[in-house]
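Report on one structure; see the data block that follows.
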Amino acid sequence: MVEIAHIAAEVIIGGFVLAYLVVWWLARRQSAARMSLAVVAPLMVAVAYLVSEVLKVLFQEERPCRGVVGCPEVGDWSFPSNHATIAGAAAVGLLLVHRVMGVVAVALAILVAVARVVEGVHYPHDVLAGLLLGAGLAFVAGPLARVMTPVVARLRARSGGALLLGR
80 MVEIAHIAAE VIIGGFVLAY LVVWWLARRQ SAARMSLAVV APLMVAVAYL
130 VSEVLKVLFQ EERPCRGVVG CPEVGDWSFP SNHATIAGAA AVGLLLVHRV
180 MGVVAVALAI LVAVARVVEG VHYPHDVLAG LLLGAGLAFV AGPLARVMTP
230 VVARLRARSG GALLLGR
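Printed below as a string of structure tokens:
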């Protein structure tokens, strides 16, 4: 069960990358505002991960599995969960860009969080904090995308920009 939980969490996180590629591709045929959001949302996932790493160093909470073989080494802190942070940010970002994919992503993000607790590498509060941190930072994508919309519109007018951002 623990190994299945571990594999499921990793596969779902990888699936978010594929989902963002699909959303980006679909946004190429949509408005500059939609494309801006499709570009900014995955960047906020990276920001959420970096903030999570800083918080881990600040809190230095031991993992619940410390006595179990295969548990990450000391110094690989538990709070907040990076997996849950990435999943929360990816899910909310996808929700902002593509409603249907986003709803599925939210369910999968919750599954990632549960899997990390089942696996024994996080406490429930680690994954809850991670989900909230990621989701909160992903919501910044909306206002940031509005600021970036004129830039995307200008880049779309150029041949190189149109290749990446559509028309």
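Just so you know, the sequence shown maps onto residues 80 to 246 in the numbering used here.
Heads up, the beta-carbon is just placed ideally off N, CA and C, and yes, glycines get one too.
Residue i (DSSP reduced to helix, strand or coil)
i, result
"W156", "coil"
"H177", "coil"
"E132", "helix"
"R195", "helix"
"V90", "helix"
Local Cβ density within 10 Å of residue i, reported as buried at 16 or more and exposed below that
i, result
"W104", "exposed"
"I86", "exposed"
"A236", "exposed"
"G154", "exposed"
"F138", "exposed"
"S110", "exposed"
"L129", "exposed"
"R142", "buried"
Assumed close pair residue i, residue j - CB separation to whole angstroms, cut-off 8 Å
i, j, result
"A224", "V119", "4 Å"
"S160", "G209", "4 Å"
"L216", "V126", "6 Å"
"G167", "A188", "5 Å"
"V182", "H162", "V182 to H162, Cβ: 20 Å. No contact."
When the options are compared against residue i, the one with the closest alpha-carbon
i, options, result
"C150", "V81, V231 and V96", "V81"
"P203", "R107, E140 and V219", "E140"
I'd like to know if the region 232-241 and the region 189-208 are in contact, where contact means that at least 3 CB-CB pairs between them fall below 8 Å. no
Touching or not, the region 216-233 and the region 104-117, by the rule of three or more beta carbon pairs under 8 Å? yes
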